[in-house]
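Protein sequence lines, in the order shown, are assigned to chains P and L. Position in the first sequence (first residue = 1) + 3 = our numbering. Position in the second sequence (first residue = 1) + 1 = our numbering. By construction, the Cβ of each residue, glycine as well, lies at the ideal position given by its N, Cα and C atoms. Keep in mind that this is a model prediction, so the values were computed, not measured. Working notes, structure below.
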Amino acid sequence: MAPPAQSQRTQSPSQPSGKGEVSDLKTQLRQLAGSRAPGVDDSKRELFKKVISYMTIGIDVSSVFGEMVMCSVTPDIVLKKMCYLYVGNYAKVNPDLALLTINFLQRDCKDQDPMIRGLALRSLCSLRVANLVEYLVGPLGLGLKDSNSYVRTVAVFGVLKLYHISASTCIDEEFPVTLKHLMLNDPDAQVVANCLTALQEIWSAEASNSEDASREREALISKPVIYYFLNRMRVFSEWAQCTVLELVSKYVPSDNNEIFDIMNLLEDRLQHANGAVVLATIKVFLHLTLSMNDVHQQVYERIKAPLLTLVSSGSPEQSYAVLSHLHLLVMRAPFIFASDYKHFYCQYNEPSYVKKLKLEMLTAVANESNTYEIVTELCEYAANVDIPIARESIRAVGKIALQQYDVNAIVDRLLQFLEMEKDYVTAEALVLVKDLLRKYPQWSQDCIAVVGSISSNNVQEPKAKAALIWMLGEYSQEMHDAPYILESLIENWDEEHSAEVRLHLLTAVMKCFFKRAPETQKALGDALSAGLADFHQDVHDRALFYYRLLQYNVSVAESVVNPPKQAVSVFADTQSSEIKDRIFDEFNSLSVVYQKPSYMFTDKEHRGPFEFSDELGNLSIGAEAAENVAPSLMVEANDKDLLLSTSEEEEIKGPAYNGSAYSAPLYDASSPSVSSLSTQSELAISNPILSGNASQSSFAIDDLLGLVPASAPAPAPLPPQLKLNSKAALDPGTFQQKWRQLSLALSQDFTISPQGVAALTTPQTLLRHMQGHSIHCIASGGQSPNFKFFFFAQKAEEPSNYLVECIINTSSAKAQIKIKADDQTTSQAFSDLFQSALSKFGLS
Amino acid sequence: MSQRGDNIVFRDYRGDVQKGSAEIFFRKVKFWKEDGQEEAPPVFNADGVNYFHVKVVGLLFVATTRINLSPSLVLELLQRIARVIKDYLGVLNEDSLRKNFVLVYELLDEVIDFGYVQSTSTEVLKSYVFNEPIVIDAARLQPLGPASIFMQGTKRMPGTAVTKSVVANEPGGRKREEIFVDIIEKISVTFSSSGYILTSEIDGTIQMKSYLTGNPEIRIALNEDLGIGKGGRSIYDYRSSSGSGAVVLDDCNFHESVRLDSFDTDRTLSLIPPDGEFPVMNYRMTQEFKPPFRINTLIEEAGPLKAEVIIKVSAEFSASITANTIVVEMPLPKYTTRVSFGLEPGAAGQRTDFKEATKRLEWGLKKIVGGSEHTLRAKLTFSQETHGNITKESGPVNMTFTIPMYNASRLQVKYLQIAKKSSTYNPYRWVRYVTQANSYVARI
């Protein structure tokens, strides 16, 4: 019988009755064990059900183990299954009793019915008892050779289970070798898929202590194996397809034709109704095309519709998983989704976790053409009954305002929020108006007029109150009542619980004092004395600091407290681009949902097949570009990523990526090695030109391909050809030091081609592109439209460095570079090289 | 797991997550945010364990792992497990699950081995599963899945059809040969305050449930002029679709078993349907369509502490069609203390309610016949003076409904052909349409 919900409630707290039931069962089972009466199986079934229902709700029924085993001598398959389930559950805690089961399980492994053979073998391998391993080997070996595919699928995972119980036995018996043979030869798709899964698990676990294993693991992503799987894609179950696709995403094709072949082959997988298959396919597409910017863009365009369909079909949970991935893509390439903004409108009945994602996407895709509509929509949500979402919406409006599009209209909307007289709306809006004023001081007139009319009594939230106080201090000249509002706030000092608010109050009253001294003098005195008596350390210290500052010299104090206002251009981005890239590398995993790379939420051994991919990436390169990459770097890369700062990690990985994409070990400006990467059409253009004098032709290409120097330098006599060291290394500390010490050698402005701008949605691609030209990135950051990169390069023959600061604005398509060099005489040559490299970005 | 957090079925495949995970999960979900305003996301991490969950008819299907897996994979799987169980039990709810828990264990053992998915095909699993389902009384069950809506109202259908287990035989031992094809559309429309359509979308599914023996091949023909993709991928060009009357889908996807060999030329899908319920095709459409209902809302202030709300719903579909289970909902200003309702004279099968706690007005109608119009008048009393912005503090109006035998997209199954085994073989074929509101919102 099923666990009856009510009776179970009353039972479980009172253990004795549970125990009574169990001993009851025991006697009943014993009576039935030897019986051969007709109908005995039915009564056994009832008893077995009871045992399992107790097991499910957590009552310990291990004491009937012996009786269960005795009863299991039966041809009834349902009974057998229940018994196996029971045994699997309790064997681990009762290894001695488990021995009792071996006998009948082994016998069942030789049963005529393949179903029973399979079941018995599965149960045998699921006992998880180390000292019974010897009994597993025989049946497993037979199972792998069984004529029935069901038994073989079970046996393959049996090997994996054995590996987890005793890795040495599994390896010594050479089971992995058998699996490999089965994987490549078995006619049954599920057997093949299970072999792949098992081998992946075994070899990645073994890879750390065996060279053979890591070579075997590498072989899984070799061309023959990958093609073997790709060509059989359709015979696999949808779940096995996911496993195969994950494997394919680690494969590094040798040329572009191969990439296109794979993509064409997998194209129809994008129309699959199973979201997991579609996402796995998308991962393959994205990773294959990382180095081909224009194709990468096309992939984004192609996957848009299937993703949107998945989001709107299926359960809310499924669409959330897909939406998280869509969110990641939108954040990487907002402009591609700019015209689809309506899909990100929130729906009435969506759960808030979905709405939050959508709000962030709306914020990201806002541009000149759609801002008005998006903001209008967001304003509707601000009046929504769902308060957390209303707040998020207001914040989203603010973020869009800070992105510089159509600020005019947005400021009006924000000010309307202030007039809505809902406390939480006012609170959020105040914080935003403050940020807005810091960025666009020119709006102060309009804002101040509205802010001035808000009664500080209606503002209770600390953040909002602090914002209001900041504005009172900052604009005390323009706000008529400022000193008096501050004064009344200071009178209530003791009732103000937030230290943040009190800190702001101190600063604001100081600022006000320097602008309107006669009106503020008393309030300042009160504030300082209240602050000095404050129990909060920071508040106390700041009051003391102001007090001493004023004592020392009033005009110095003024210059400290009221420096000339400077507009803030960019607010700090919370997540570094390295982390974002890392998450992108782990596409179709939990990392995307959590918006964290896997090392932040899983321990090393559980990082799953995704970490495996990084390592593999490095290892597979090792073979073809061994001389290019110091082997020690590759091995360490993984251990270091927890210890090293991300920028250093980038450096270590740098050469590895470089090696995979480019074949030339040493980049030579005069050789057209880059063209190996470029698409066919470009080859046709660039090859004949490049075969001429490279330095000269690079200028020609600049003009052709859209990189136009704003201040065109006179075509100087050709500098000597410059060779760069492809393995250059520099640590961030040295870079910073050098950047400070060296004087500016060159500074130039450019316009970037539209393709280049488009490709910049993923800064990583630029970094990889530049690495291909032996120019390495040491740090990068920024948010659309402003990106900032620091590059360095080293001469091939001598340790002479070039440092570059490159600021790119994607909305104006302008790039500004500043170059500093150890050897100033070659800086022009380097600049040409840099420009030529940059000019090809987005066009290769 | 039941709604109350107790395990109905529990299976540990790898033994790497600690024992108390079920309790940890339930506590986390129940107390996700102190204020109870936000529900827990379907995926979260606690102490290195990742918890996935899917809610189906009040039951929680939960999976745990320590590995960084694909969230889509796990959530799809949980959903699929729920479907397979439903295929077997006929009806999925707490009662049927408790009664059949041994069968469910049996299923789970075949679906997953050592944490890896083996098969979720009802068809394949059939040969491995031996427990007979204990069928529960279908009359008092909660609806599950989109197809369940057919059980309300429509008299054309044998009531038990969609709740039949794939393995159980009819009384009398003979299986009835029949196949169901359901076109289920969920529509989302947002009207601006002036009645103009801001956004509209149709998310549709062609769902199939086959009880045919011997798995014959089936051909489904859709509208011949069906277009897919906006301007481009289709061989036809339907850029100005509204004029030509053609149905243009934005995008669609198909079930594994569907062959699209002749889809491009004559819009037919051919497939050998596996047992159980599955979506043949999912589609999405943003092409303009005629919304089934128009909603007009009027708010009039009547003195400092009073206002009147008038909501008018007009059904803009043919009189031969009747919508059912309609609910109109509208948030009111939070200082509303009392609402008195006035229905039109002769109104039957309507109910009104003011939810004090959430300050919402609710108006339920049993049915609306096409072409008709219904009005609700509500007099509001406030506890404080309004500042002339009642409209800003109330709304939007949200509506839910079900319209059987109606589909907004005009996508049609022209014919359903079953490869004949013999001349006498003529199974029952059911093609049904239904439209449901997903998010049907009118701003005021």
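Could you check what DSSP says for residue i in three-state terms: helix, strand or coil?
i: P/S635; result: Because the pLDDT of P/S635 is 36, which lies under 50, any placement of that residue in the model is unreliable, and the number read from its coordinates should be weighed accordingly. The answer is helix: DSSP assigns P/S635 an H, G or I state.
i: L/E394; result: helix
i: L/C253; result: strand
i: P/M334; result: helix
i: L/P275; result: coil
i: L/K378; result: For the sequence presented, residue 378 of chain L should be read as Arg rather than Lys. L/R378 falls in the strand class under three-state DSSP.
i: L/G343; result: strand
i: P/N641; result: Here the model assigns P/N641 a pLDDT of 37, short of 50, so the residue's position is not dependable, and the following value carries that caveat. Helix at P/N641.
i: L/F32; result: coil
i: P/S678; result: For P/S678, the pLDDT reaches just 36, beneath the cut-off of 50, and the residue's location in the model is therefore unreliable, although a value from the coordinates is still provided. Helix, per DSSP.
i: P/Q739; result: helix
i: P/Q831; result: helix
i: L/F131; result: coil
Taking only the alpha-carbon atoms, compute the straight-line gap between residue i and residue j and give it to the nearest angstrom.
i: L/L60; j: L/E95; result: 7 Å
i: P/P354; j: P/L273; result: 27 Å
i: L/A209; j: L/L250; result: The sequence given here has Met at residue 209 of chain L, not Ala. Approximately 20 Å, taken between the alpha carbons.
i: P/L421; j: P/Y427; result: 10 Å
i: L/P332; j: L/G49; result: 41 Å
i: L/L366; j: L/A324; result: 9 Å
i: L/T191; j: L/A443; result: 6 Å
i: L/L104; j: P/L163; result: 26 Å
i: L/L306; j: L/V63; result: 50 Å
i: P/P501; j: P/K437; result: The identity of residue 501 of chain P in the sequence shown is Ser, whereas the question assumes Pro. So the two alpha carbons sit approximately 19 Å from each other.
i: P/G528; j: P/P566; result: 22 Å
i: P/F837; j: P/I778; result: 8 Å
i: P/A123; j: P/Q193; result: 19 Å
i: P/T13; j: L/I135; result: Reliability of the predicted coordinates at P/T13 is poor, the pLDDT of 36 falling under 50, and no value is obtained from them.
i: P/N197; j: P/M773; result: 41 Å
i: L/A409; j: L/P293; result: 8 Å
Would you list the residues sitting across from residue i in a DSSP beta bridge?
i: L/R352; result: L/G365
i: P/I820; result: P/Q751, P/C809
i: L/F294; result: L/A316
i: L/A324; result: L/I369
i: L/V329; result: L/W364, L/M400
i: P/F160; result: Its beta-bridge partners do not exist; DSSP assigns none.
i: L/V57; result: L/L60
Relative to the C-alpha of residue i, which residue among the options is closest?
i: P/R155; options: L/I404, L/R177, L/D114, L/F402; result: L/D114
i: P/V247; options: P/N411, P/A796, P/M186; result: P/M186
i: P/A840; options: P/D826, P/I755, P/S815; result: P/I755
i: L/G304; options: L/D262, L/S263, L/I25, L/T382; result: L/T382
i: P/I265; options: P/M236, P/A243, P/N277; result: P/M236
i: P/A588; options: L/N69, L/P428, L/R378; result: Note that residue 588 of chain P is Asp in the sequence shown here, rather than Ala. Of the candidates L/N69, L/P428, L/R378, the one whose C-alpha sits nearest the C-alpha of P/D588 is L/N69.
i: P/A452; options: P/E800, P/Q34, P/Q480, P/K466; result: P/Q480
i: L/Y426; options: L/V75, L/G6, L/G215, L/L344; result: L/G215
i: L/K335; options: L/E289, L/T392, L/S423; result: L/T392
Grab me the residues of residue i's own chain with a C-beta within less than 6 Å of its C-beta, minus the 5 sequence neighbours each way, in chain order.
i: P/I306; result: I285
i: L/T206; result: I185, P280, N283
i: P/M513; result: Y549, V564
i: P/L331; result: V595
i: P/A816; result: T754, I755, V760
Who are the Cβ neighbours of residue i in its own chain at under 7 Å, not counting the five residues just before and after it?
i: P/A210; result: A216, S217, R220
i: L/S3; result: I9, L60, E95
i: P/N373; result: A341, Y344
Which same chain residues, not among the five before or five after residue i, have their C-beta less than 8 Å away from its C-beta?
i: L/R99; result: I9
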